[in-house]
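Contents: one structure, followed by commentary.
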Amino acid sequence: MKMTEISTKNDARDKLFEYLVEMTSSHKANNKKFAVLLINLNNFRQFNVSCGYKMGDKLLNEFATRLISCARTCDYLVHVGNADFIMVLPDVLNEGHATLASLKLQEKLVESFELGSQQYKLSADIGISLFPDHADEVETLLQAAEKALLDARQNMLSYAVYSNESKKSDFNCWDIETELQKTITNNDFELYYQPQICMQTGVVFGAEALIRWKHEKRGFIRPDVFIPIAESNGQIHEITQWTINTALRQIKEWPSASESLKIAINLSAKVLKDPELVDSVRNALLTWNTEPSRVMLEVTESALMDDVVVSFNTLNELRALGVSISIDDFGTGYSSMAYFKNIPASELKIDQSFVTNMLENDMDRQIVKTIIKMAQGFKLQVVAEGIENDETFEIIKELGCDIAQGYLFAKPMPQKEFLRWIDEHQSKE
Ligand code: G
Ligand code: G
Ligand code: MN
Numbered sequence: 011m012k013m014t015e016i017s018t019k020n021d022a023r024d025k026l027f028e029y030l031v032e033m034t035s036s037h038k039a040n041n042k043k044f045a046v047l048l049i050n051l052n053n054f055r056q057f058n059v060s061c062g063y064k065m066g067d068k069l070l071n072e073f074a075t076r077l078i079s080c081a082r083t084c085d086y087l088v089h090v091g092n093a094d095f096i097m098v099l100p101d102v103l104n105e106g107h108a109t110l111a112s113l114k115l116q117e118k119l120v121e122s123f124e125l126g127s128q129q130y131k132l133s134a135d136i137g138i139s140l141f142p143d144h145a146d147e148v149e150t151l152l153q154a155a156e157k158a159l160l161d162a163r164q165n166m167l168s169y170a171v172y173s174n175e176s177k178k179s180d181f182n183c184w185d186i187e188t189e190l191q192k193t194i195t196n197n198d199f200e201l202y203y204q205p206q207i208c209m210q211t212g213v214v215f216g217a218e219a220l221i222r223w224k225h226e227k228r229g230f231i232r233p234d235v236f237i238p239i240a241e242s243n244g245q246i247h248e249i250t251q252w253t254i255n256t257a258l259r260q261i262k263e264w265p266s267a268s269e270s271l272k273i274a275i276n277l278s279a280k281v282l283k284d285p286e287l288v289d290s291v292r293n294a295l296l297t298w299n300t301e302p303s304r305v306m307l308e309v310t311e312s313a314l315m316d317d318v319v320v321s322f323n324t325l326n327e328l329r330a331l332g333v334s335i336s337i338d339d340f341g342t343g344y345s346s347m348a349y350f351k352n353i354p355a356s357e358l359k360i361d362q363s364f365v366t367n368m369l370e371n372d373m374d375r376q377i378v379k380t381i382i383k384m385a386q387g388f389k390l391q392v393v394a395e396g397i398e399n400d401e402t403f404e405i406i407k408e409l410g411c412d413i414a415q416g417y418l419f420a421k422p423m424p425q426k427e428f429l430r431w432i433d434e435h436q437s438k439e
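Take the working numbering: the final residue in the sequence shown is number 439, and no numbers are missing along the way.
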């Protein structure tokens, strides 16, 4: 064999081409769209330098597994070389679907990767093209995804949809960021309130404040969509300030008979690492002259476990102000039992996915039961959220849960409606 023999043959790429040729003809025939996502794992070369090719291969496997875990069964993933993967999403309606899929993939990468005894943080950039909007042939469709990836890089975005310079794409991250900034500047968010009920007595316990962004053209944009963007570009700090201050201001308008009602406010993972968080909560309490005992701050279990030392410290400082801490989405974040005895919280919120499915799924019912038992053992208050029917309510009440939240009582609603709701509910108490 000659030492200089070079092969440019790539089986995976050949298969991808064949697959895409089939996709173009089937989608053309049915008048449907599909999306191509070119996913580039960042800093892979650096990883190979530090850890070697063998570990590099393992990392690629783990990375692919993570991508597959949030794909639909009809989606197609192939490793096309080095740090590049292509994911094909059949049958999408529009660019919005493809960008939501990209956000979902990127959210999946937030949790670190474990290889051997080490933990690694990974991120990826994504270029998106759509058949037939951006190209109707395989080669040009892939070129369009490459161009989108370059655009993303140049604009410091984690993903971008293809656009030829003259035509700016309609729903990309840049637009959302700009619009978000406008909304922050103009104070155009709104807080909705969802009641929480004491299960054993039926009286109102308080409400969870949930942010709402109504865009004049696009309607409601879900917090799951804009909070991760705000987290990645730092806007989350201003949004959090707004949320805390608005919630504390608005509870002053609640009826005086409701002076003891609690307000639960969500804090995102990034905010827990903000060295100014404790000061800004202290200031807001002073500004609005709020009893700290009325305030419950919710942090997700995965945010808490991301950096246990930092988050435990921050939460302990917050507790020293007199506010309470609740662990949101509990059951999904792999808490270690070892940390549990020192957990700086007084409440667990059972993740709604377990509650919603517990009538049909015995495993979920067991999980709910176990979390309630555990909370009782550790003297923590426990909330079940996502209660949608009487049957679920009765079972959970029987298990000894303290507080209920869910559509069975009320959906999240604007302050005005919430005030009416309290009135009606309290007249029945
Ligand atoms: O309210 P809704 O179901 O749309 O909430 C979706 C997600 O957004 C939930 O995980 C919720 O915790 C989160 N969320 C809602 N309001 C806020 C907020 O003010 N700040 C943060 N960080 N997250 C919020
Ligand atoms: O992640 P977090 O627990 O903060 O999310 C709270 C969100 O859950 C709220 O935005 C609310 O819209 C949603 N939610 C509350 N109760 C129910 C319910 O009974 N069913 C469903 N599907 N969603 C609910
Ligand atoms: Mn919450």
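No residue lacks a Cβ here, since even glycine has one placed at the ideal position from N, Cα and C.
Any residues whose CB sits closer than 7 angstroms to a heavy atom of ligand 3? List them in chain order? Around ligand 3, the residues whose beta-carbon falls short of 7 angstroms from at least one of its heavy atoms are GLU218, ALA274, ASN276, GLU308, ASP338, LYS359, given in chain order.
Which two residues bound the contiguous alpha helix (DSSP H) that contains TYR63? Element bounds for TYR63: 63-79.
State the Cα-Cα distance for the pair ALA440 and ARG329, rounded to the nearest angstrom. As displayed, the chain neither begins before 11 nor continues past 439, which places residue 440 out of reach and without an answer.
From HIS247, ASP284, PHE340, residue whose alpha carbon lies closest to that of ASN323: Ranking the options by Cα distance to ASN323, first place goes to ASP284.
6 angstroms Cβ shell around GLU248 - same chain, five flanking residues per side excluded: Here GLU248 has ILE194 as same chain residues with Cβ atoms under 6 angstroms from its own Cβ, once five neighbours each way along the sequence are excluded.
Cβ shell of SER268 (< 7 angstroms), same chain only, five flanking positions each side left out: Only ILE432 meet the Cβ criterion.
LEU110 versus GLN362, ARG430, THR75, VAL235, residue with shortest Cα-Cα distance: With distances taken between Cα atoms, LEU110 lies closest to VAL235.
If contact is defined by three or more beta carbon pairs under 8 angstroms, each pair taking one atom from either stretch, is the region 35-55 in contact with the region 93-104? Enough Cβ pairs lie closer than 8 angstroms, so yes.
Could you please give the first and the last residue of the uninterrupted alpha helix (DSSP H) stretch that includes ASN367? First-last for ASN367: undefined, no H or E at that position.
From this set, LYS114, ALA93, GLN436, which residue's C-alpha is nearest ILE482's C-alpha? Past the boundaries of the shown model lies residue 482; the chain is included only from 11 to 439, so the question cannot be answered.
Consult DSSP for HIS225 and reduce its assignment to one of helix, strand or coil. Correct three-state label for HIS225: strand.
Take the Cβ of THR402 as the centre, count every other Cβ of all protein chains shown within 10 Å, and call the residue buried at 16 or more, exposed below. Answer is buried; the Cβ neighbour count reaches 16.
Taking the C-alpha atoms as reference points, what is the distance between GLN164 and LYS157? Roughly 11 angstroms between the two C-alpha positions.
Flag this pair as yes or no: are the beta carbons of SER139 and LEU151 separated by less than 8 angstroms? In this structure, LEU151 lies closer than 8 angstroms to SER139 by Cβ.
Between GLY229 and ligand 2, is there a pair consisting of the residue's CB and a ligand heavy atom that are separated by less than 7 angstroms? Result no, Cβ not under 7 angstroms from ligand 2.
So does SER268 have its beta carbon nearer than 7 angstroms to some heavy atom of ligand 1? SER268: no, Cβ never under 7 angstroms from ligand 1.
Does GLN251 come out as helix, strand or coil in the three-state DSSP assignment? Three-state result, GLN251: helix.
Among GLU149, GLN56, LEU87, which one has its Cα closest to the Cα of VAL31? Nearest option by C-alpha distance: GLU149.
Going by DSSP, what residues sit across from GLN206 in a beta bridge? For GLN206, DSSP records a beta bridge to GLY216.
Give the DSSP bridge partners of LYS359, in chain order. For LYS359, which the question treats as bridged, DSSP gives the partners VAL393.
Closest by CA to LEU282, which one among GLY387, ILE207, ASP185, ALA313? Of the listed residues, the one whose Cα sits closest to LEU282 is ALA313.
What distance in whole Å lies between the Cβ atoms of GLU357 and SER334, which are believed to be in contact at a cut-off of 8 angstroms? With a beta-carbon spacing of about 7 angstroms, SER334 and GLU357 fall inside the 8 angstroms limit used to define contacts.
Counting C-beta neighbours from all protein chains within 10 Å, is the total for ARG430 16 or more, i.e. buried, or is it exposed? Flag for ARG430 reads exposed.
Assign ILE49 to one of three DSSP states: helix, strand, or coil. Reduced to three states, the DSSP call for ILE49 is strand.
In angstroms with no decimal places, state the Cα-to-Cα distance between ASP21 and ASN92. Straight-line Cα distance between these residues: approximately 14 angstroms.
Integer Cβ distance of ALA217 from ILE254, believed to fall under 8 angstroms: No, ALA217 and ILE254 are not in contact; Cβ-Cβ is about 15 angstroms, not under 8 angstroms.
Flag this pair as yes or no: are the beta carbons of ILE405 and VAL392 separated by less than 8 angstroms? Going by C-beta atoms, ILE405 is not nearer than 8 angstroms to VAL392.
Would you say GLU200 and LYS224 are within 8 angstroms of each other, going by their C-beta atoms? Closer than 8 angstroms, so yes.
Quick one: residues in its chain with C-beta nearer than 8 angstroms to the C-beta of ILE397, no 5 flanking neighbours on either side, listed in chain order? Closer than 8 angstroms at the Cβ level, and outside the excluded window around ILE397, lie VAL365, PHE403, ILE406, ALA414, GLN415, GLY416, TYR417, LEU418, PHE419.
Using CA atoms only, rank isn't needed, just tell me which of ASP289, THR310, VAL213, ALA257 is closest to ILE221. With distances taken between CA atoms, ILE221 lies nearest to ALA257 out of ASP289, THR310, VAL213, ALA257.
With a Cβ-Cβ cutoff of 8 angstroms, do LYS359 and ILE377 count as a contact? No. Outside cutoff.
Does any heavy atom of ligand 2 sit closer than 7 angstroms to the C-beta of TYR203? It does not: the Cβ of TYR203 is nowhere closer than 7 angstroms to a heavy atom of ligand 2.
Close beta carbons around ALA155, own chain, < 8 angstroms, minus the five adjacent residues each side: VAL46, LEU47, LEU48, ILE96, GLY137, ILE138, SER139, TYR172.
Using CA atoms only, rank isn't needed, just tell me which of VAL318, SER303, ARG304 is closest to THR310. Considering only alpha carbons, the answer is VAL318.
Along the beta strand (DSSP E) that carries ASN276, what are the first and last residues, could you check? Membership of ASN276 in the beta strand (DSSP E) is indicated by the continuous run 272-277.
Close Cβ partners of PHE80 (< 7 angstroms) along its chain, the five nearest in sequence each way excluded: For the sequence presented, residue 80 should be read as Cys rather than Phe. Cβ neighbours of CYS80 beyond the five flanking positions: LYS114, LEU115, LYS118.
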